[in-house]
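Student: In UniProt numbering, the protein residues as written are 1 to 313.
#1: Taking only runs that begin and end inside the UniProt domain "CBS" (186–244), name each unbroken alpha helix (DSSP H) of 4 or more residues, in chain order.
#2: In terms of alpha-carbon separation, which member of 123, 160 and 211 lies closest to residue 47?
#3: Does the Cβ-Cβ distance between residue 249 and residue 105 come in under 7 angstroms?
#4: Assuming residue 254 and residue 198 make a contact with CB atoms under 8 angstroms, what is their CB distance in whole Å?
#5: Just to confirm my understanding: we take residue 26, look at its own chain, exclude 5 residues before and 5 after, and list those with CB closer than 6 angstroms. What are they?
#6: Keeping to the same chain, check which residues put their C-beta closer than 7 angstroms to that of residue 139; ignore five residues upstream and five downstream.
#7: Using 8 angstroms for Cβ pairs, my map puts residue 148 next to residue 154. What's the rounded Cβ distance?
#8: Using the C-alpha atoms, what's the distance from residue 65 back to residue 73?
#9: Kindly indicate the opening and closing residues of the alpha helix (DSSP H) around residue 251.
#10: My output table needs one value for residue 142: the three-state DSSP class, helix, strand or coil.
#11: Give every residue of the same chain whose Cβ lies closer than 8 angstroms to the Cβ of residue 305, excluding the five residues on either side of it in the sequence, and list them in chain order.
#12: Could you check where the beta strand (DSSP E) with residue 113 kicks off and where it finishes?
#13: Does the Cβ of residue 93 have 16 or more other Cβ atoms within 10 Å, making it buried, or fewer, making it exposed?
#14: Going by DSSP in three states, residue 48 sits in which element: helix, strand or coil?
#15: Is it a yes or a no for the stretch 216–225 touching the stretch 56–70, going by three-plus beta-carbon pairs under 8 angstroms?
#16: By the three-class DSSP mapping on this structure, what secondary structure does residue 120 have?
What follows is the structure, given as structure tokens:
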């Protein structure tokens with residue numbers, strides 16, 4: 001595990017956990033609570049947004065300070081929505097995908113120079129949006145079919161009015177009772193990584209498989225969980241720059257992912273109801289919980305899984 005080669009191999013490791021063997025087929029009978037009001041009733045209205053000329057580093061620092069996974073990018077004068085930047089865009093930029101070309105090609109690997117580029121160079125343009133008269137059902141449909149965690153809300157002219165997130169929707173849906181348990185809705189075929197796996201490998205795996213998080217497993221024991229937001233915060237802390245010698249991005253992304261894992265690890269169990277686990281995630285402000293059974297990792301339950309389950313998806 002301490003050799004880079006072995007760690008890299010385990011960076012894209014797939015665990016197919018069986019957990020309990022007597023689960024049987026699950027019939028999703030839960031249905032979304034009808035909400036006749038507008039999406040604005042649950043949305044954040046006082047939205048922090050960025051001008052497209054803001055630097056990547058300034059955007060990362062803003063998201064890190066506020067604890068946000070995403071920020072809309074707007075025209076400075078009119079507040080018309082131009083795009084959105086997410087923690088996924090940041091890890092893509094750091095080496096996960098095509099946006100890494102900005103660092104590798106335009107700046108020859110110099111991260112210090114690349115983070116001073118304008119946010120428009122890595123933002124997601126023309127993001128999926130909702131109109132202000134949309135129903136909660138409309139938000140659920142987009143979240144579950146497109147796997148989008150946050151939806152800017154705009155008026156007929158494209159002016160930003162607010163933002164509704166997966167968590168906002170879950171807070172409403174979780175008020176309805178469901179007969180389902182964690183084992184019914186969790187993901188049991190998990191990609192995991194190892195503590196000594198380089199950050200660069202983790203970012204590539206996240207972008208390739210469209211994951212926001214990866215369990216970190218050492219000798220089949222859960223070591224922690226690393227998220228796209230953790231990686232973004234690592235860059236936003238600026239501590240990385242004080243330790244850099246050459247300024248090359250590999251000085252940051254070559255470090256083992258264990259450096260990003262800190263704080264208390266929260267887990268859950270297969271037999272808990274999805275109402276219980278939803279309330280726990282909302283209270284702790286976390287997006288996922290590893291599922292442990294007989295001291296083994298058997299699955300992962302996320303906000304997305306819960307929104308889909310409560311809505312009958």
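Just so it is clear, CB atoms sit at the ideal spot from N, CA and C, and this is done for glycine as well.
All values reported here derive from a predicted model rather than from experimental measurement.
Tutor: Taking the structure as given:
#1: 199–209, 228–236 and 239–242
#2: 160
#3: For residue 249 and residue 105, no; Cβs fall outside 7 angstroms.
#4: 5 angstroms
#5: Here residue 26 scores only 42 on pLDDT, less than 50, and its place in the model should not be relied on; the value that follows carries that caveat. Excluding sequence neighbours, residue 26 sits near 184.
#6: If the five residues before and after residue 139 are omitted, its C-beta is found closer than 7 angstroms to the C-beta atoms of 39, 130, 151, 164 and 169, all from its own chain and listed in chain order.
#7: With 8 angstroms as the limit, residue 148 and residue 154 do not qualify as a contact, their Cβ atoms being about 15 angstroms apart.
#8: Taking the Cα positions, residue 73 is about 17 angstroms away from residue 65.
#9: 250–253
#10: helix
#11: 185, 186 and 187
#12: Unbroken run through residue 113 is the alpha helix (DSSP H), 111–114; no beta strand (DSSP E).
#13: buried
#14: Note: residue 48 maps to coil in three-state DSSP.
#15: no
#16: helix
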